[in-house]
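Asks: Structure in C-alpha cells, see below.
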Amino acid sequence: MARITLDHIRHAYGPDPRSEKDYALREVDHEWNDGGAYALLGPSGCGKTTLLNIISGLLLPSHGRILFDGRDVTDLSTQARNIAQVFQFPVIYDTMTVYDNIAFPLRNRGVAEPEVDRRVREILEMIDLTGWAKRKAQRLTADQKQKISLGRGLVRNDVNAILFDEPLTVIDPHMKWVLRSQLKRLHKQFGFTMVYVTHDQTEALTFAEKVVVMYEGQIVQIGTPAELFERPSHTFVGYFIGSPGMNIMPAHIDGNSVRVGEETIMLDYAPRTSGAAKTELGIRPEFIRIGREGMPVSIARIEDIGRQKIVRARFEGQPIAIVIPEDSDIPAEPRVTFDPLAVGIYADSWRVGREG
Ligand code: ATP
C-alpha cells in the first residue's frame with residue numbers, strides 16, 4: 008500500500024479556466040498516510056469524484072502532480088498505478104461463479120493456480136462468502152455482489168490503494184451497516200490505504216480514521232470525527248457535520264468581546280479577524296445551556312428525538328438550535344449561556360485563532 012501525495016492539484020473540465028469558479032477542483036495539496044482510511048465527504052458537485060478519478064488515473068489533472076510513495080504517477084494509467092476500485096454498482100461477471108470472479112484479477116496477471124486458490128479462499132473467508140464459492144454470481148443479492156467487487160479489490164497483494172465511490176448506494180439500510188463494519192474490520196486487520204467517497208456523514212464518520220470534507224472544489228478540513236465536531240475549520244464543516252449542525256450567527260468582534268445583536272460574549276482571547284469582510288460566531292447546539300441565567304431567547308418549538316430534545320429558538324433575531332437532555336426543564340422565561348470554550352470565531356468563513 009502507498010502514501011499518496013496530492014501535490015498542488017487543480018482541475019478544470021473546460022479548456023480555458025480564467026477564475027476560481029472555472030475549476031471543479033481548486034488547489035488540493037495534501038499527503039495521505041500509507042494504510043490510512045480516508046473518507047471524502049461533501050455535497051453533490053463539490054469535486055469528490057473528480058479528486059478520486061485523479062487519484063485512480065482516470066483523469067489527468069490540469070495542474071499538479073500525484074505521487075505514490077514519492078514516485079510521480081501523474082501520467083500513469085489506472086492499471087499501471089495498481090489501484091483497485093469499487094464503484095456504486097457492483098462490477099462482476101454474472102455468468103462466472105463467485106470463486107472465479109474473485110480469482111479473475113489474479114489469473115489475469117498470470118498468478119500460478121495454487122497461489123490463486125490460496126488467496127481466493129482467504130478472501131472468501133474475509134468477506135463471508137465461503138459457502139457461496141461455487142454459485143453463479145447472477146443469483147446473488149446486491150450486497151453479496153458488492154462484496155464480490157470488494158473481494159476482487161482485496162485479492163491482489165500488489166495494490167497501492169483501494170478506492171470506493173459511494174459503494175453502499177445499492178445496499179439496503181441494514182446491510183449497509185454490516186458491510187461498513189466489515190470494511191472497517193478488514194482495514195484494521197490488513198492496513199490497506201483506503202479512500203472512500205460519500206455524501207453521507209454517518210457513513211464517513213463510522214468508516215474513516217480521517218474525514219476529508221470538501222466544499223465547492225476545495226478541501227475545507229481533514230480531521231478525525233471528533234476534530235470535525237469540536238473544532239470545525241470552516242463554517243461549512245460546522246453546518247454539514249452534526250445533526251442539527253452548528254449555529255452560525257453574524258458577530259461583531261472587538262478585542263476579546265464578541266457582540267451578537269445586543270448581547271456580548273467575552274472570550275479569553277482576541278480572535279484574529281482584522282481585514283475580514285464577514286465575522287461570525289459558531290457554537291454547536293450541544294454546548295448551549297438553557298436556564299434562568301444568561302441571555303434571553305424565545306422558543307419556537309421543541310422536537311423530541313429520544314434521549315434528547317432539540318429546542319428551536321430565536322436569539323437576537325437569529326434562529327438557533329439547542330440540544331438538551333430529554334428530562335431537562337425549560338423555565339417560563341428561558342435564558343441561554345454559551346460555553347466559551349466551545350465558541351468558534353470565523354472570519355470570511357474560516358475559523359480563526361488568537362490575535363498575534
Ligand atoms: P456527486 O456526489 O454528485 O457525484 P461530486 O462531489 O463527486 O458530486 P464531481 O462529480 O467531482 O462532484 O463534480 C465537480 C464539478 O465538476 C461539478 O460542478 C460538475 O458539474 C463538474 N463536472 C464533473 N464532471 C464533469 C465533466 N466530465 N465535464 C464537465 N464538468 C464536469
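Numbering-wise (the working numbering), the sequence shown opens with residue 8 and increments by one.
Idealized CB from N, CA, C, for every residue including glycine.
(1) Under DSSP, the beta strand (DSSP E) around N164 begins and ends at which residues?
(2) For M133, report the span of its beta strand (DSSP E) as first-last.
(3) Applying the criterion that 16 or more other CB atoms from any shown protein chain within 10 Å of the CB defines a buried residue, is I306 buried or exposed?
(4) On the CB-based measure, 16 or more other CB atoms within 10 Å of its CB, does K55 come out buried or exposed?
(5) Ends of the beta strand (DSSP E) at V185?
(6) Could you give the residue range of the alpha helix (DSSP H) that holds N405?
(7) Give the straight-line distance between the Cα atoms of F94 and V359, rounded to the nearest whole angstrom.
(8) Short of 8 Å in beta carbon distance, which residues of its chain neighbour E340, apart from the five on each side in sequence? Order them along the chain.
(9) Check whether the Cβ atoms of V267 and E323 sit closer than 8 Å, and answer yes or no.
(10) Considering G245, what are the terminal residues of the alpha helix (DSSP H) in which it resides?
(11) Please determine, among N40, V218 and G52, the residue with the shortest C-alpha to C-alpha distance to L32.
(12) Which residues have a Cβ closer than 6 Å to any heavy atom of ligand 1, listed in chain order?
(13) Specify, as a first and last residue, the run of the alpha helix (DSSP H) that V105 falls within.
(14) For T205, which of helix, strand or coil comes out of DSSP?
(15) In the DSSP output, what is F345 paired with across the bridge?
(16) Whole angstroms is fine: what's the gap from G301's alpha carbon to M273's?
(17) State the DSSP-derived secondary structure class of S69, mapped to helix, strand or coil.
(18) Just to check my reading of the structure: V177 and W139 have Cβ atoms closer than 8 Å, yes? What is that Cβ distance to the nearest angstrom?
(19) Report the three-state DSSP secondary structure of S356 (helix, strand or coil).
(20) Take P50 as the anchor and find which of M221, Q151 and R361 has the nearest alpha-carbon.
(21) Note down the Cα distance separating I62 from S250, rounded to an integer number of angstroms.
(22) Using the three-state DSSP reduction, which class does P251 fall into: helix, strand or coil?
(23) Roughly how many angstroms lie between the CA atoms of G64 and G71, to the nearest whole one?
(24) Tell me, which residues are paired with V350 by DSSP?
(25) State the beta-bridge partners of E270 as determined by DSSP.
(26) The beta strand (DSSP E) with T102 in it runs from where to where?
(27) Kindly indicate which three-state DSSP category S51 falls into: helix, strand or coil?
(28) Consult DSSP for D14 and reduce its assignment to one of helix, strand or coil.
Replies: Result, derived from the coordinates:
(1) Per DSSP, N164 belongs to no beta strand (DSSP E) and is neither H nor E.
(2) Not the beta strand (DSSP E): M133 falls in the alpha helix (DSSP H), residues E120 to M133.
(3) Exposed: under 16 other Cβ atoms inside 10 Å.
(4) With 16 or more Cβ atoms within 10 Å of its Cβ, K55 is classed as buried.
(5) Where V185 is concerned, there is no enclosing beta strand (DSSP E), although the alpha helix (DSSP H) it sits in stretches over P180 to F197.
(6) Past the boundaries of the shown model lies residue 405; the chain is included only from 8 to 363, so the question cannot be answered.
(7) CA-CA distance, F94 to V359, rounds to 38 Å.
(8) If we look at E340 and ignore the five residues flanking it on each side, its Cβ neighbours are R299 and P303.
(9) Between V267 and E323, the C-beta spacing is below 8 Å.
(10) Residues T242 to F247.
(11) For the residues N40, V218 and G52, the minimum Cα distance to L32 belongs to G52.
(12) After applying the 6 Å Cβ criterion, the set is Y20, A31, G49, S51, G52, C53, G54, K55, T56, T57 and H206.
(13) Per DSSP, the continuous alpha helix (DSSP H) segment holding V105 begins and ends at V105 to N115.
(14) In the structure shown, T205 sits in a strand (DSSP, three-state: E or B).
(15) Listed as beta-bridge partners of F345 by DSSP are I295.
(16) Roughly 13 Å between the two C-alpha positions.
(17) DSSP places S69 in coil when its eight states are reduced to three.
(18) The pair is not a contact, with the Cβ atoms about 18 Å apart (cut-off 8 Å).
(19) Shown here, S356 sits in coil according to DSSP, grouped into three states, outside any helix or strand.
(20) Ranked by how close their Cα comes to the Cα of P50, the residues M221, Q151 and R361 have M221 in first place.
(21) For I62 and S250, the distance between alpha carbons rounds to 31 Å.
(22) Residue state, collapsed to three classes: coil.
(23) Distance from the CA of G64 to the CA of G71, rounded to the nearest whole angstrom, comes to 13 Å.
(24) In DSSP, V350 forms no bridge with anything.
(25) DSSP output for E270 lists V267 as bridge partner(s).
(26) Unbroken run through T102: none, as it is neither H nor E.
(27) Three-state result, S51: coil.
(28) D14: strand per DSSP, three-state reduction.
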